[in-house]
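Counting in my numbering, the sequence shown runs from 234 upward without gaps.
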Amino acid sequence: MAQHRPDQRPVDSRNGTGLVLAARAGDRAALAELTTRSLPTVYHLVRGILGDRAEVDDVVQDCMIRMVRGLPDLREPDRFRAWLTIIAYRQVSDELRRRPMPRDPFVEPDQLPDAGDVAERTVFEALLSGQRRELVEASRWLAPDDQHLLASWWQEALGDLSRAGLADMLGIGEPHLAVRLQRMRGRLESARAIEAALRQRSGCAELSALSRTWTGERSPVWRKRFDRHVRDCVRCAAHRAELIPPERLLHGLSVVPVPAALVAAVRAAVEAEPGLPAHGPAPQLTSHKLALAGTAAAALVLGAIAYAVHVTPDPGPVPAVAAPAAPSPAGAPPSRASGSPSPTVRASSAAPGPAPVTGVTVADIFVAPDGDDAADGSRQRPFATLNRAVEVVRPGQTIALRGGVHRLTRPVEIDTDGTRAQQIVLSGYSGEHAILDAAGVPSGKQAVTQRTSFWTVQDLEVRGSRSHAWTCNSCRFTTFRRLSVHDNHRSGLTLRDPGTTGNQVLDSDFYRNYDPRAAGSAGIGLGVKFGDGGGNVVRGNRAFHNADDGFDFGAFRSPITIEDNWSYGNGQNRWNAEGWSSNGFGFSLGGGETTPSAAHRVRNNAAWDNRGDGFGAEANTGRLSLADNTAYRNGGDGFDLSGGRGTAVDNLSAANGQQPARIGPDVSGEGNSWDRGEWRDSSLRSVDPAVAEGRRAPDGGLPRTSFLSTREGIGADLTG
């Protein structure tokens, strides 16, 4: 008879819903068993997305504590798995918003190591070796919805979830699910064939020619272009026959077990919870059960990788390099290393693509992540912080931020003015990708506050502020261009206060700004608000996927020129926040605590897929001028100019949720679509936004696309 060791306990034999019900009812042993079984699922999901980052253990612990706290209120115990998955996804998403994770750079096919060289390095690299690696890479060619569906389908493919359970988790019917899965798998197989053809270097001249025009971005648009060739080319299509069905790729995979230290930490955290059920023996998490069966874990890992792509889109050109370990020799080209996706560095035999016209090559003050504020700020001895650089900068000087992540720990205050003849420039360094990460700035503190004249701020990424990312107060003759500002709480960039004069915001992206405390009532892309001043221009920008408005010009009392901007997907509850309340306008041309009267000039802008109106006057009584703008598929009105004044000429409104346009008696119009009958999708040359929402041009300009174009010459022209 086997002896019972003191550290062993009987295993709870209840399964599924019964175990959840017992734990919810207060059975401490059932709770311990449920936690033991759930921890590997959460760990591999979180680790699969965040990788080896130090935050993994903290996020996992937080998920498990939230599970314990929320269990008494779980109304549908049979949906426990979906509920726990949602908790994990939300916590990971919150972590990514605080410290967004750079995506892997594209590597040319002929620069990749052979699968056999990779397979033995680490367990996780083994998961991605050979066709398994190609399978994960293939998922990057899919649209976000397909990537999310693929991540969920792994669980069904391995018997970890029934078809009915999968449909229930996704909130759709089984027939609809079957259709979506069939289409997704077809696109996945096309992408796998493309990956195989690129990696095998078959010698196909047409494929080589197509590859030379490729930006290096795996996207649905490029998948379609490559697929048209691969499926019809005898040489390239031959690789399809060699592909193993994706279900079979999961067999025999091993995974990294949950670390013992994490098991102990979760056990301590769960046991310390004040809301722990009161009856039954004290719960004990058992580490010997925390290695998942290989196939189930593989589903989680590969699914999580696909989901990581889903939650971290890369909307713009962000060539990235690691922080330089030492200054490059004079005249040497800047090196590129891992980080966000970058324009492809071609092999010498390939024709080079156009180089991005971004960054400065000469500067007076340098800042690098591995610098020292006690240094002199030279190229050889850079400062460590932007704070130090803006303290010492003088008119006519240029500050260059070297590539890498510059982690702010306190707010940056910029108060030194330039002059018309001696402007001050703050820029990324040529060919490098400088990121200002404001996650370390105390909550509620603006990351950067600027009160200056005659500055240029360009070629930077700003992220992670728990307040406003960048605010320019009463700035004069300051230019912002080629910025990527995202994942901040209150706003991306805001120009405000009286005396805001002669400023320009050009060719920049503002996205995914969201305040988790505001449930949609905060988190705009770009704002010019609460002030006055002439000569301000907003041109060539995109504001998208923000919690509230894309562009907000509330309570600004002077005319602004707003032209060639795109606003899409704003106001949607992408964070599954309770009590969601968002205006979600594409362009808010008024509003605020005081009624503005500003004659904004609004020309050649486009708004689509926003929660609210495409364009809204919002009680602005100034003589607005709207010409050649397009509102498409917004949840509210295309144009709401009721109560406003001015002119509306040659604007297009189609497929919006409410009225094409609400026009007051003081607005005169000519040539608008709502005067020409109903407009449908068939009235437009293209309703596919993939290119418009994709990578910018090498010079930072908007991508050229036929999206929303018409043959009648009305509405916005997105072809450039």
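Heads up, the beta-carbon is just placed ideally off N, CA and C, and yes, glycines get one too.
Residue range 289-303 is occupied by the alpha helix (DSSP H) that includes Ile298. The Cβ atoms of Arg878 and Asp899 lie closer than 7 Å to each other. DSSP links Arg878 through a beta bridge to Arg856. In the structure shown, the three-state DSSP call for Pro273 is helix.
In this structure, the beta-carbon distance from Asn769 to Asp730 does not fall below 7 Å.
The beta carbons of Ala810 and Ala755 sit no closer together than 7 Å. It is roughly 40 Å from the alpha-carbon of Arg418 to the alpha-carbon of Ala497. C-alpha of Trp386 to C-alpha of Leu414: approximately 8 Å in a straight line.
Bridge partners of Gln656 according to DSSP: none are assigned. The beta carbon of Val638 sits closer than 8 Å to those of Ala556, Pro602, Ile668, Asp670, all from its chain and outside the five residues before and after it, given in chain order. The C-beta distance from Thr685 to Thr711 rounds to 6 Å, short enough to fall under 8 Å. Partner residues in the beta bridge of His639, as assigned by DSSP, are Leu669.
Between Ala888 and Arg866 the beta-carbon gap is near 5 Å, inside 8 Å, which marks them as a contact. Pairing Leu728 with Leu693 gives a Cβ-Cβ distance that is not under 7 Å. In the structure shown, Thr318 falls within a helical segment according to DSSP collapsed to helix, strand and coil. In the DSSP assignment, Lys457 forms no beta bridge with any residue. Looking at the DSSP output, Cys705 shares a beta bridge with Gln683, Leu728. In the DSSP assignment, Asp785 is bridged to Gly760, Ser821. Secondary-structure assignment with DSSP links Ala894 through a beta bridge to Phe872. Separation of the CB atoms of Met297 and Thr250 is rounded to 20 Å, and the pair is thereby denied contact status at 8 Å. Within the same chain, Cβ atoms closer than 7 Å to the Cβ of Ile320 are found at Cys296, Arg299, Met300, the five residues on either side in sequence being excluded. The secondary-structure analysis by DSSP pairs Phe599 across a beta bridge with Ala633. Inter-residue distance for Gly847 and Ile757 is about 15 Å (C-alpha atoms, whole angstroms). For Glu439, the uninterrupted alpha helix (DSSP H) run begins and ends at 438-446, by DSSP. In terms of CA proximity to Asn837, Gly948 leads the group Gly948, Arg807, Val761.
One thing to note: Asp782 has its Cβ no nearer than 7 Å to the Cβ of Ser741. Comparing alpha carbon positions, the residue from Thr854, Gly904, Leu857, Asp842 closest to Gly871 is Asp842.
Annotation for Asp605: Ala617 place their beta carbon closer than 6 Å to its own, counting only its chain and skipping 5 residues before and after. Among the bridge pairs identified by DSSP, Trp841 is matched with Tyr801, Tyr865. At a Cβ-Cβ threshold of 7 Å, Val690 and Leu659 count as neighbours. At least 7 Å separates the beta-carbon of Ala430 from that of Trp374. A direct Cα-Cα distance of roughly 18 Å separates Gly610 from Glu665.
Counted as a single uninterrupted DSSP element, the alpha helix (DSSP H) harbouring Leu619 occupies residues 619-625.
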